[in-house]
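Top to bottom, those sequences are chains A and B.
full-length UniProt numbering puts the first sequence at residues 1 to 484.
full-length UniProt numbering puts the second sequence at residues 1 to 484.
All C-beta atoms, glycine included, are put in the ideal place defined by N, C-alpha and C.
Number of protein chains: 2
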Amino acid sequence: MPPAAPTATSGEPAGAALEALRSVLDTAGFIDGTGPEAERYLHDWTGDYRGTGLAVLRPKSVEEVQALVRICAEHRVPIVPQGGNTGLVAGTIADGPPSVVVVSLERLNRIRGIDAVNFTLRADAGAVLQTLKDAAESEDMLFPLALGAQGSCQIGGNVATNAGGINVLRYGMTRDLVLGLEAVLPDGSLWQGMTGLRKDNRGYDLKQLLIGSEGTLGIVTGVELKLFPRPANVETAYLGLGSFADAMALFGMARRVCSDLLTAFEVIGSECIAFATLSNAQTRVPLAGEWPVHVLMELGCSSAIDGRALLEALLGEAFAASLLGDGTIAQSRAQARAFWAIREDLVEGQAKRGRHIRTDLSVRLSDVAPMIENARGYVLSNWPGWEPIAYGHAGDGNIHFNVMPPTGLSAGEVRERGTELLDGLYGIVHGFSGSFSAEHGVGRSRRAVYWKWLTPEQQKAAAAIKAAFDPLGIMNPGCLIPDR
Amino acid sequence: MPPAAPTATSGEPAGAALEALRSVLDTAGFIDGTGPEAERYLHDWTGDYRGTGLAVLRPKSVEEVQALVRICAEHRVPIVPQGGNTGLVAGTIADGPPSVVVVSLERLNRIRGIDAVNFTLRADAGAVLQTLKDAAESEDMLFPLALGAQGSCQIGGNVATNAGGINVLRYGMTRDLVLGLEAVLPDGSLWQGMTGLRKDNRGYDLKQLLIGSEGTLGIVTGVELKLFPRPANVETAYLGLGSFADAMALFGMARRVCSDLLTAFEVIGSECIAFATLSNAQTRVPLAGEWPVHVLMELGCSSAIDGRALLEALLGEAFAASLLGDGTIAQSRAQARAFWAIREDLVEGQAKRGRHIRTDLSVRLSDVAPMIENARGYVLSNWPGWEPIAYGHAGDGNIHFNVMPPTGLSAGEVRERGTELLDGLYGIVHGFSGSFSAEHGVGRSRRAVYWKWLTPEQQKAAAAIKAAFDPLGIMNPGCLIPDR
Numbered sequence: 001m002p003p004a005a006p007t008a009t010s011g012e013p014a015g016a017a018l019e020a021l022r023s024v025l026d027t028a029g030f031i032d033g034t035g036p037e038a039e040r041y042l043h044d045w046t047g048d049y050r051g052t053g054l055a056v057l058r059p060k061s062v063e064e065v066q067a068l069v070r071i072c073a074e075h076r077v078p079i080v081p082q083g084g085n086t087g088l089v090a091g092t093i094a095d096g097p098p099s100v101v102v103v104s105l106e107r108l109n110r111i112r113g114i115d116a117v118n119f120t121l122r123a124d125a126g127a128v129l130q131t132l133k134d135a136a137e138s139e140d141m142l143f144p145l146a147l148g149a150q151g152s153c154q155i156g157g158n159v160a161t162n163a164g165g166i167n168v169l170r171y172g173m174t175r176d177l178v179l180g181l182e183a184v185l186p187d188g189s190l191w192q193g194m195t196g197l198r199k200d201n202r203g204y205d206l207k208q209l210l211i212g213s214e215g216t217l218g219i220v221t222g223v224e225l226k227l228f229p230r231p232a233n234v235e236t237a238y239l240g241l242g243s244f245a246d247a248m249a250l251f252g253m254a255r256r257v258c259s260d261l262l263t264a265f266e267v268i269g270s271e272c273i274a275f276a277t278l279s280n281a282q283t284r285v286p287l288a289g290e291w292p293v294h295v296l297m298e299l300g301c302s303s304a305i306d307g308r309a310l311l312e313a314l315l316g317e318a319f320a321a322s323l324l325g326d327g328t329i330a331q332s333r334a335q336a337r338a339f340w341a342i343r344e345d346l347v348e349g350q351a352k353r354g355r356h357i358r359t360d361l362s363v364r365l366s367d368v369a370p371m372i373e374n375a376r377g378y379v380l381s382n383w384p385g386w387e388p389i390a391y392g393h394a395g396d397g398n399i400h401f402n403v404m405p406p407t408g409l410s411a412g413e414v415r416e417r418g419t420e421l422l423d424g425l426y427g428i429v430h431g432f433s434g435s436f437s438a439e440h441g442v443g444r445s446r447r448a449v450y451w452k453w454l455t456p457e458q459q460k461a462a463a464a465i466k467a468a469f470d471p472l473g474i475m476n477p478g479c480l481i482p483d484r
Numbered sequence: 001m002p003p004a005a006p007t008a009t010s011g012e013p014a015g016a017a018l019e020a021l022r023s024v025l026d027t028a029g030f031i032d033g034t035g036p037e038a039e040r041y042l043h044d045w046t047g048d049y050r051g052t053g054l055a056v057l058r059p060k061s062v063e064e065v066q067a068l069v070r071i072c073a074e075h076r077v078p079i080v081p082q083g084g085n086t087g088l089v090a091g092t093i094a095d096g097p098p099s100v101v102v103v104s105l106e107r108l109n110r111i112r113g114i115d116a117v118n119f120t121l122r123a124d125a126g127a128v129l130q131t132l133k134d135a136a137e138s139e140d141m142l143f144p145l146a147l148g149a150q151g152s153c154q155i156g157g158n159v160a161t162n163a164g165g166i167n168v169l170r171y172g173m174t175r176d177l178v179l180g181l182e183a184v185l186p187d188g189s190l191w192q193g194m195t196g197l198r199k200d201n202r203g204y205d206l207k208q209l210l211i212g213s214e215g216t217l218g219i220v221t222g223v224e225l226k227l228f229p230r231p232a233n234v235e236t237a238y239l240g241l242g243s244f245a246d247a248m249a250l251f252g253m254a255r256r257v258c259s260d261l262l263t264a265f266e267v268i269g270s271e272c273i274a275f276a277t278l279s280n281a282q283t284r285v286p287l288a289g290e291w292p293v294h295v296l297m298e299l300g301c302s303s304a305i306d307g308r309a310l311l312e313a314l315l316g317e318a319f320a321a322s323l324l325g326d327g328t329i330a331q332s333r334a335q336a337r338a339f340w341a342i343r344e345d346l347v348e349g350q351a352k353r354g355r356h357i358r359t360d361l362s363v364r365l366s367d368v369a370p371m372i373e374n375a376r377g378y379v380l381s382n383w384p385g386w387e388p389i390a391y392g393h394a395g396d397g398n399i400h401f402n403v404m405p406p407t408g409l410s411a412g413e414v415r416e417r418g419t420e421l422l423d424g425l426y427g428i429v430h431g432f433s434g435s436f437s438a439e440h441g442v443g444r445s446r447r448a449v450y451w452k453w454l455t456p457e458q459q460k461a462a463a464a465i466k467a468a469f470d471p472l473g474i475m476n477p478g479c480l481i482p483d484r
């Protein structure tokens with residue numbers, strides 16, 4: 001029997017707790033959970049999940065967060081911490097009884113400072129990612145985290161979910177970008193780790209536990225982030241290849257020739273282009289001839305390096321090695337944007353097509369091509385009429401292998417049969433020792449599959465960490481760890 | 001009162017336990033703790049620390065490690081895991097009663113495989129770092145971890161202590177190089193995480209806890225490591241500057257101009273040169289004139305990038321900005337080696353001078369110059385006759401600020417007064433929110449200062465993690481966490 005995490009038991013009437021919570025906040029800080037104002041905090045942006053909550057609390061300071069958490073601990077009121085609420089796995093949407101409060105960090109959103117010599121930026125957890133990126137750019141530096149939701153997701157949420165995105169290849173996941181962290185622990189105490197140090201070997205690195213813990217161990221309130229020199233010189237290429245295996249070989253060659261200056265290496269199965277076209281009828285693939293696999297590659301460097309020459313050297317070598325069918329290097333920023341639009345439009349097009357099966361798989365780079373082949377074979381052999389497509393951040397081994405249902409199925413049928421299909425795909429990726437969640441996390445929607453595939457040792461370790469930090473089980477219960 | 005970690009209580013006679021342990025191993029696997037063969041496992045290589053042990057156990061397989069740990073748990077025999085025993089903080093040298101066993105990983109030392117497409121190498125924990133570096137190089141790849149002890153330290157120890165070294169600047173600490181980890185937990189169960197994935201957002205990242213935990217949470221038995229393209233083109237420069245502040249400004253400029261292709265950025269206070277000369281009378285500084293601060297800089301890139309031109313562009317810009325006094329770019333590998341010899345010899349020279357005060361401090365890069373100035377002022381004002389020197393990995397904010405005692409003091413006097421001086425230096429670095437241990441760890445020798453400067457929240461968190469993983473307190477007791 002898997003060990004279970006502790007769960008809050010709400011024995012008391014909530015009234016006293018809510019009054020105490022309200023007393024900490026100003027008028028705009030407390031939103032009743034039953035009113036229309038609470039709506040946008042209680043369902044996720046895809047519309048797939050609808051949660052419950054007694055109230056939405058919007059603290060303006062770290063001290064207010066601490067006071068709220070202390071009251072919740074005293075009254076055993078479970079807390080759902082919430083950033084920009086842009087997640088895809090219901091990590092901020094409670095699915096239990098309506099006894100929780102949502103703590104939104106959106107008003108705790110100051111930039112605390114930029115240190116140009118240390119190449120760091122300090123900010124409150126509620127600061128919006130795009131705001132931080134703009135602040136870094138205004139000092140001629142780069143904060144490289146880049147993802148679709150960057151206009152509304154918050155850095156605290158990015159840290160709590162260890163967000164990924166387009167530039168992981170060069171700059172790493174959010175985990176790799178965090179030098180310092182400040183968090184309110186489940187008893188209301190403050191864990192102070194805003195050190196900004198690049199090297200610090202003093203004992204257990206607790207911040208590593210909080211990063212990616214999806215709000216189950218505490219509430220991130222502040223971060224100190226690595227900045228980088230802004231690449232003055234960006235080159236983009238769109239390439240046609242014969243296979244995913246060739247694409248992975250090209251990636252290895254690109255790492256070597258370009259000295260790891262690549263900022264993106266995206267693969268696109270040619271079957272995805274129809275979805276780009278569905279979203280944008282003007283879609284034009286910049287390739288002569290038909291190629292089963294496309295690669296969108298970007299390289300960023302200082303103005304002292306000839307990025308164009310570097311990319312040309314790579315493509316020359318790749319042609320000579322018969323890895324490359326055709327390719328174009330963007331001659332302008334506008335052309336580069338048009339290349340990227342294909343990648344973005346194919347995602348839009350899938351949404352336009354309607355409900356479908358989405359995955360976020362990762363495997364070793366050496367298993368990318370076999371995994372896609374295997375998964376394709378499984379769908380084509382066992383699911384007549386269902387249409388697989390594959391694309392993603394191949395440089396990270398992260399593939400979105402999605403499946404479109406046959407037209408004519410009801411939403412209910414898609415959901416029901418989709419669960420079964422997903423189980424099959426997860427089994428395949430598990431067979432490659434891969435992950436069913438490369439970057440989206442576990443949340444509540446993937447909790448069952450997460451727990452099912454942990455070994456007993458891993459279940460025990462996860463439950464022990466949860467119990468050590470949150471013995472009352474009040475921090476985002478139901479997320480990640482199954483309720484008792 | 002600080003919460004204490006659990007400690008093993010050795011109530012039973014050790015005889016039964018030792019017999020059971022012996023039965024798991026072959027003849028060469030069991031070394032009696034009282035014999036001469038055990039000596040090299042029971043004192044550290046500096047000769048500063050001498051420990052105790054009932055026996056040294058040398059398992060040859062992961063299963064043997066598990067069996068040994070199970071027996072130790074059953075009989076409450078504390079374990080000191082040991083790699084190459086090259087640490088500097090007595091992390092593998094027990095200082096308690098002689099009831100412990102040392103588990104040496106040295107016979108568990110196979111390379112399990114290299115995956116050229118995934119750019120990874122899998123190895124047993126006992127594999128020697130240099131062996132892994134050579135294996136990577138034989139496939140035209142680089143495993144970048146580089147430190148003085150690389151000929152004898154083991155990768156499991158590097159992981160357990162989150163080793164740093166020369167190339168952290170470009171490639172990160174050991175933590176950043178580990179993609180997969182396998183460890184035997186304190187109950188003998190196996191934590192299996194050899195996934196080799198670059199992106200994996202499934203729940204708590206337990207491997208991050210084990211990395212840097214100094215053997216207090218489990219015994220690392222296997223690792224999967226990131227490899228990199230081998231820089232075909234390496235350029236080295238030796239520079240003279242007016243101040244540490246100028247050196248840090250130059251570093252920022254170098255990051256921008258050279259697109260983060262720097263592999264090393266070492267500062268050397270000119271007062272260190274006397275120690276290089278003490279070690280090697282042939283030492284010649286390749287600078288015209290006297291400069292208070294020297295910088296040894298290295299850049300690595302592919303053959304498709306003109307590294308020499310890049311370095312020249314940087315130096316031109318730095319001269320124009322009056323950051324640079326004088327400088328030489330190595331014209332040959334031999335000349336580059338001569339530059340590096342100065343950096344290595346100045347360490348040797350200190351040892352030759354005799355017992356002295358060594359530190360391993362880190363601060364924000366923006367605090368490097370003020371911290372050195374502050375620490376120098378403290379020594380010169382308060383410690384007449386004591387001689388401060390400063391050098392280190394400035395690109396990481398990691399400075400070795402060492403102090404030579406006046407000649408004529410006895411070893412006992414140096415030790416006693418040195419402890420007081422060290423307290424003063426640690427206070428200064430603490431005032432800068434810095435770390436007294438950038439890369440060497442805590443072990444037993446820095447346990448008191450570690451614990452003293454943790455906040456109550458951090459003490460509680462560290463003790464909770466220890467108790468959750470090692471409730472019997474048998475795993476490297478006395479290391480990192482104070483005994484009860």
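So what does DSSP say about residue i, is it helix, strand or coil?
i, result
"A/F432", "coil"
"B/E416", "helix"
"B/N233", "strand"
"B/G307", "helix"
"B/S10", "Caution applies to B/S10, whose pLDDT of 47 falls short of 50 and renders its modelled position unreliable; the value that the coordinates give is listed next. In the structure shown, B/S10 sits in coil (DSSP, three-state: anything other than H, G, I, E or B)."
"B/H440", "coil"
Looking at residue j and residue i, is the spacing between their C-beta atoms short of 9 Å?
i, j, result
"B/V223", "B/R122", "yes"
"B/G269", "B/I155", "no"
"A/I71", "A/V103", "no"
"B/L179", "B/I465", "no"
"B/M173", "A/K199", "yes"
"A/V414", "A/R355", "yes"
Within a Cβ cutoff of 6 Å, which residues of the same chain sit near residue i, ignoring the five residues on either side of it in sequence?
i, result
"A/K133", "F143"
"A/A276", "T283, I342, D345, L346, G349"
"B/A20", "I71"
"residue 522 of chain B", "What the structure shows of chain B is the stretch from 1 to 484, and residue 522 of chain B is not part of that stretch, so it cannot be assessed."
Looking at the unbroken beta strand (DSSP E) that takes in residue i, where does it start and where does it end?
i, result
"A/K226", "219-226"
"B/L299", "293-301"
"B/I389", "387-393"
How far does the alpha helix (DSSP H) with residue i in it extend, from its first residue to its last?
i, result
"A/S104", "That residue, A/S104, is in no alpha helix (DSSP H); its beta strand (DSSP E) goes 101-104."
"A/R175", "174-177"
"residue 491 of chain A", "With chain A covering only 1 through 484, there is no way to say anything about residue 491 of chain A."
"A/W340", "333-353"
"B/A149", "That residue, B/A149, is in no alpha helix (DSSP H); it is neither H nor E in DSSP."
Is it right to say residue i is buried, meaning 16 or more other beta carbons lie within 10 angstroms of its own, or is it exposed?
i, result
"A/D423", "exposed"
"B/K352", "exposed"
"A/T455", "exposed"
"A/N201", "buried"
Closer than 8 Å by C-beta to residue i: which residues in its own chain qualify, once you throw out the five before and the five after it? Chain order, please.
i, result
"B/M248", "L365, S366, V368, A369, A394"
Taking C-beta pairs closer than 8 Å, name the residues in chain D that residue i reaches, listed in chain order.
i, result
"A/N167", "As a matter of chain content, chain D is missing from the structure shown, whose protein chains are A and B."
For residue i, I'd like the list of residues in its chain whose CB is within less than 7 Å of its CB, leaving aside the five on either flank, ordered along the chain.
i, result
"B/S437", "D360, R446"
"B/C479", "G91, E214, G215, T216, G443, R444"
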